[in-house]
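Encoded as structure tokens, the structure appears first; notes follow it.
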Amino acid sequence: MKITGGLLLLCTVTYFCSSSEVASQPLKTEVDCSIYKKYPVVAIPCPITNMPVCGSDYITYGNKCHLCIET
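Mind the numbering: the sequence shown is residues -19 to -1, 1 to 52 in mature numbering (1 follows the signal peptide of the UniProt record, and there is no 0), read in order.
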């Protein structure tokens, strides 16, 4: 029973570590800010989702929307 539990734990950890969306994205990608610039910031607030994006100013933003609004 201990072997089965250990194997299940190992498979679960491996699955979650290898399927990370952030790890699968190329390092140098440009964010298309045109969709965020069409409307005023007040009209469409940025979502709260945490998908960090590194800006060319070496600052990490919470997501693509925050990057586009701040720059």
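Yeah, the Cβ is synthetic: ideal placement off N, Cα and C, and Gly gets one too.
Is residue i helix, strand or coil when you go by DSSP?
{"i": "Y17", "result": "helix"}
With which residues is residue i paired in a DSSP beta bridge?
{"i": "Y39", "result": "Its beta-bridge partners do not exist; DSSP assigns none."}
Do residue i and residue j have their C-beta atoms closer together than 8 Å?
{"i": "K45", "j": "V34", "result": "yes"}
Within 10 Å of its beta-carbon, does residue i have 16 or more other beta-carbons around it, so buried, or fewer, so exposed?
{"i": "Y39", "result": "exposed"}
I need the boundaries of the alpha helix (DSSP H) containing residue i, first residue and last residue.
{"i": "C27", "result": "It is not in any alpha helix (DSSP H) - C27 carries neither H nor E in the DSSP assignment."}
{"i": "E51", "result": "K45 to E51"}
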